[in-house]
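Sequential numbering from 21 applies to the sequence shown in my numbering. Just so you know, even glycine gets a beta-carbon here, dropped at the ideal spot from N, CA and C. A short worksheet on the structure shown next.
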Amino acid sequence: MTTTPTPRPKQGRLSAAERRKKIIAAAGEVFVEQGFSGARTKEIAERAGVTEAFLYRHLSSKEEMYEVSVVEPLRSGFAALAYDIQGYYDTIDEPIAFMNAVNERCLRFYSEAAALQAVALYSELGNGRELYERALKPILDKIGVLIADRMGWTERGLESDLVRRAILGAQWAIGLDIMLRYRRMDLPQAAERLTLLFTSGIRRDLVQS
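In structure tokens, the structure reads:
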């Protein structure tokens, strides 16, 4: 007795939105690996499983591909980071608990977004400088003000900009290290250690009071 093989179900066509999403993901991969100048639209099309002609039906230029796959996600990520830290500021009054929440959220963001940051800020320094000044620095400055105020560092005469650079710089460096060394890290534990480093003076004040 012979059996008739069950036919494989046909793959459904991707919707226009799904196809665009796949193209953007492919573009992001290529830009991260090769930078803006080194990226080729032909390779982006191949990774997305489309022709170059079809690629340009969705995104009109290499610059637009870079914008939607690298710059927009990075800008949105920073905006979400600032939104969450504002939420911590509004709901967590205790300074050390606030600092710990900020550290863990920032470490998670910087480790996940390290590759996008590297290509967006450093692969083309002119474009990176403009992106930083126009879109990212205002967000980082706002975060610095929130941290300095909640921790009481403003009252002690520390500039919020200096605080922001010191704290977010440490978090950025850790995220970069995770990406470049393919490391795994216990982020909650790392956040606690950073909090201890940044709040040692506050802890002494609490004990003395």
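Whole angstroms is fine: what's the gap from residue i's alpha carbon to residue j's?
| i | j | result |
| --- | --- | --- |
| LEU214 | ILE187 | 9 Å |
| SER89 | GLU153 | 20 Å |
| PRO208 | ARG33 | 42 Å |
| LEU101 | GLY107 | 10 Å |
| GLU66 | ARG204 | 31 Å |
| VAL139 | ARG170 | 33 Å |
| LEU79 | LEU200 | 30 Å |
| ALA190 | VAL91 | 23 Å |
Measuring alpha carbon to alpha carbon, tell me which residue in the options is nearest residue i.
| i | options | result |
| --- | --- | --- |
| ILE44 | SER96, THR71, ALA73 and TYR86 | TYR86 |
| ALA99 | SER180, ARG39, ASP161 and SER80 | ASP161 |
| TYR109 | ARG125, ALA68 and ARG60 | ARG125 |
| LEU145 | SER57, ARG39, ALA46 and ALA47 | SER57 |
| TRP173 | SER220, ALA134, LEU200 and GLY69 | SER220 |
| VAL50 | ALA68, ARG39, ALA36 and VAL122 | ALA68 |
| LYS41 | GLY148, PRO93, PHE218 and TYR202 | PRO93 |
| TYR130 | VAL52, LEU196 and SER96 | LEU196 |
Ranges of the alpha helix (DSSP H) found wholly within the region 124-157, counting only runs of at least 4: 134-142 and 145-151
Specify whether the region 175-186 and the region 109-118 touch according to this definition: at least 3 beta carbon pairs, one from each stretch, less than 8 Å apart. no
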